[in-house]
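Peer 1: Residue numbers (the working numbering), protein chains in the order written: chain A, 15 to 276; chain B, 15 to 276.
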DNA sequence: CCCGTTTGTTCCACGTAGTGGAACTGCGTA
DNA sequence: TACGCAGTTCCACTACGTGGAACAAACGGG
């Protein structure tokens with residue numbers, strides 16, 4: 015097979031993130047909007063999140079309902095339908111067994127909460143969470159989205175992204191602060207990304223949530239592009255900054271083990 | 015809101031299962047085909063499973079890869095991409111908390127393995143599995159598909175489906191036997207479905223897998239249509255037929271509790 | 001109680017985006 | 001060497017999706 019892979023296949027949607035897109039793409043965006051956290055969504059919200067005209071959203075939703083991917087809850091609210099649930103189970107069930115093993119191993123050696131997240135656009139989405147030994151509940155949940163520049167995983171991802179794209183993302187989303195520690199200037203961010211690159215891991219020191227300290231590393235896809243990352247999450251009053259850095263070797267090993275699996 | 019709901023919304027795809035469909039629908043079918051169990055799939059297989067012309071499948075896959083929903087593994091094989099994984103996490107994370115509680119309760123009161131499955135076409139798809147107390151591993155996995163006529167959940171679903179549709183399904187898929195106990199004639203099946211309807215639960219007595227005995231009940235959607243079912247799974251040498259029937263009340267309660275949640 | 005605003009829903013003329021048959025390539029096999 | 005099969009490209013046709021605008025309910029202040 016020739017498969018002239020190189021040069022970023024089709025796409026070339028030219029950086030500019032939100033474009034119109036084709037029928038199928040819109041439907042998928044609508045599906046993502048419906049599945050988004052925050053209970054049953056109203057038509058208007060779905061349309062806004064999916065960046066689709068209301069009338070189009072309406073038509074698309076009707077079609078998705080027809081096919082069982084979406085269900086209409088009382089009061090014109092939309093929720094995920096059985097067929098999407100089944101698809102989701104298919105994805106989870108087909109997940110390479112290695113992922114769970116690697117994450118479990120990391121949790122066991124650190125005793126702390128472990129997260130696996132995927133990068134998409136200007137956020138990361140948690141796709142797995144293993145609670146640590148301590149009886150603490152961290153607010154994160156599978157399916158939850160977080161900014162890139164305030165999270166350990168996000169910074170790990172940014173550090174491995176082409177400089178141009180980082181600039182685009184910062185320009186598009188800005189650097190909103192979430193705590194007093196958040197990095198809110200491009201200079202501070204870029205300086206840290208350089209450090210992250212050389213260390214191989216990133217630290218979030220109460221930059222996303224007070225009292226929460228994480229260490230994270232990017233997971234690189236086949237092309238060397240970061241597709242997501244792993245992190246170990248701790249509370250500041252139990253684990254010092256030095257202690258959390260001692261997790262780095264295990265963390266990096268996990269990140270590398272995950273690379274071929276994502 | 016007027017919402018002249020009644021009369022089965024749009025659809026009217028008139029029984030005949032496989033129709034052409036619109037752009038979006040085809041993309042979704044392709045996505046399901048890619049996520050289907052059984053490792054990385056080849057283009058031809060995806061096209062066949064999704065019931066789409068090869069050239070269309072190719073174009074659609076290219077577009078899905080472009081958007082990150084599908085990834086191309088070495089050798090023109092297709093696997094689920096990060097964006098679909100993220101969507102799947104979104105779905106799982108947004109799952110009504112009640113589902114887990116109800117299933118957990120059922121597992122606790124019975125001490126046995128509990129399954130939740132959704133109906134789609136001529137199969138059911140397992141979407142949740144809670145292992146029982148016994149140190150036995152049953153072969154089932156989340157994402158796995160099973161025939162309707164050899165499983166407890168499947169028979170529960172069939173029993174609540176309009177007679178016409180049952181006939182269509184039997185005509186389309188036949189009644190292949192999986193064990194000596196499988197029901198392979200329409201007469202035997204119809205007779206049992208009548209019994210299932212009156213009892214409110216179905217039993218699979220080594221009809222799907224030797225040494226495995228299950229009791230299952232359908233979960234009905236808002237319209238009264240079965241959308242899936244719950245089951246309790248046991249091994250024949252530990253739980254007698256009478257014992258498993260004693261689970262019926264708890265099972266039916268679970269099925270009813272799940273109805274508004276699916 | 002009434003009027004302004006918001007949200008869900010329907011309609012329709014337009015043109016683009018998706019369609020799928022057929023032709024081509026290159027690999028594996030008999 | 002000749003055959004067949006899988007992946008990939010091409011292209012003219014038209015069905016399909018598009019989204020602005022108008023309509024209808026429901027909501028919410030004043």
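C-beta: ideal position from N, C-alpha, C; glycine also.
Any beta carbon from chain A within less than 8 Å of residue 219/B's own beta carbon?
Peer 2: Cβ-Cβ to chain A under 8 Å: no for residue 219/B.
Peer 1: Return the chain-ordered ranges of every alpha helix (DSSP H) run that is complete within the segment 93-145 of chain A and spans a minimum of 4 residues.
Peer 2: Taking only runs of at least 4 residues, the alpha helix (DSSP H) segments lying wholly in the segment 93-145 of chain A are 96-107, 111-124.
Peer 1: Per the DSSP calculation, residue 87/A is bridged to which residue(s)?
Peer 2: Per DSSP, 91/A.
Peer 1: Compute the distance between the beta-carbons of residue 244/A and residue 276/A, then report whether it is under 8 Å.
Peer 2: Cβ atoms of residue 244/A and residue 276/A: not closer than 8 Å.
Peer 1: In chain order, what residues of the same chain have a beta carbon less than 6 Å from the beta carbon of residue 180/B, not counting five sequence neighbours either side?
Peer 2: Excluding sequence neighbours, residue 180/B sits near 172.
Peer 1: Is the separation between the beta-carbon of residue 249/A and that of residue 150/A shorter than 8 Å?
Peer 2: It is a contact, given that the beta carbons lie within the stated cut-off.
Peer 1: Would you kindly check if the distance between the Cβ of residue 156/B and the Cβ of residue 169/B is under 8 Å?
Peer 2: In this structure, residue 156/B does not lie closer than 8 Å to residue 169/B by Cβ.
Peer 1: What are the start and end residues of each continuous alpha helix (DSSP H) run of 4 or more residues lying completely inside the segment 31-71 of chain A, in chain order?
Peer 2: Runs of the alpha helix (DSSP H) inside the segment 31-71 of chain A: 37-49, 57-64.
Peer 1: Indicate whether at least one CB of chain A lies closer than 8 Å to the CB of residue 39/B.
Peer 2: Closer than 8 Å to some Cβ of chain A, the Cβ of residue 39/B qualifies, so yes.
Peer 1: Three or more beta-carbon pairs under 8 Å between the segment 218-234 of chain A and the segment 193-200 of chain A, yes or no?
Peer 2: The segment 218-234 of chain A vs the segment 193-200 of chain A: in contact.
Peer 1: Measure from the alpha carbon of residue 55/A to the alpha carbon of each residue in 86/A, 167/A, 246/A, 269/A, then state which is nearest.
Peer 2: Minimum Cα distance to residue 55/A is reached at 86/A.
Peer 1: Since residue 245/B is in the alpha helix (DSSP H), which residue starts that stretch and which ends it?
Peer 2: Element bounds for residue 245/B: not the alpha helix (DSSP H) but the beta strand (DSSP E), 240-249.
Peer 1: Using a Cβ-Cβ distance cut-off of 8 Å, determine whether residue 160/B contacts chain A.
Peer 2: Chain A, which has no Cβ nearer than 8 Å to the Cβ of residue 160/B, makes this no.
Peer 1: Would you mind telling me which residues of chain B sit closer than 8 Å to residue 60/A, beta carbon to beta carbon, in chain order?
Peer 2: Result: empty, since nearest Cβ-Cβ is about 14 Å, beyond 8 Å.
Peer 1: So, is the C-beta of residue 150/B closer than 8 Å to a C-beta in chain A?
Peer 2: Not closer than 8 Å to any Cβ of chain A, the Cβ of residue 150/B fails to qualify, so no.
Peer 1: Residue 46/A to residue 39/A, Cα distance in whole Å?
Peer 2: Whole-angstrom Cα-Cα distance: 11 Å.
Peer 1: Between the C-alpha atoms of residue 186/B and residue 176/A, what's the straight-line distance to the nearest angstrom?
Peer 2: Spanning the two alpha carbons is a distance of roughly 52 Å.
Peer 1: Look at residue 134/A and residue 97/B and say whether their C-beta atoms are less than 8 Å apart.
Peer 2: Cβ distance < 8 Å, so residue 134/A and residue 97/B count as in contact.
Peer 1: Thinking just about the alpha-carbon of each residue, which of 270/B, 242/B, 268/B, 219/B is nearest to the one in residue 251/B?
Peer 2: The candidate whose alpha carbon is nearest that of residue 251/B is 219/B.
Peer 1: Kindly indicate the opening and closing residues of the alpha helix (DSSP H) around residue 170/B.
Peer 2: Start and end: 166-173.
Peer 1: How about residue 207/A and residue 136/A: are their beta carbons less than 8 Å apart?
Peer 2: No; because the gap between Cβ atoms is not below 8 Å, this pair is not in contact.
Peer 1: Which whole-angstrom value is the C-beta distance of residue 140/A and residue 49/B, which I expect to be below 8 Å?
Peer 2: Going by Cβ atoms, the distance from residue 140/A to residue 49/B rounds to 20 Å, so no, they are not a contact pair.
Peer 1: Hey, quick one: how far does the alpha helix (DSSP H) through residue 266/A stretch, first residue to last?
Peer 2: First-last of the alpha helix (DSSP H) with residue 266/A: 262-272.
Peer 1: Could you check whether the Cβ of residue 112/B sits closer than 8 Å to any Cβ belonging to chain A?
Peer 2: No, because no Cβ of chain A sits closer than 8 Å to the Cβ of residue 112/B.
Peer 1: Can you tell me where the beta strand (DSSP E) holding residue 216/A begins and where it ends?
Peer 2: 216-219 is the span of the beta strand (DSSP E), which, as asked, contains residue 216/A.
Peer 1: If I measure Cβ to Cβ from residue 126/A and keep anything under 8 Å in the same chain, skipping five residues before and after, which residues do I get?
Peer 2: The residues are 146, 147, 148, 246, 247, 248, 253, 261.
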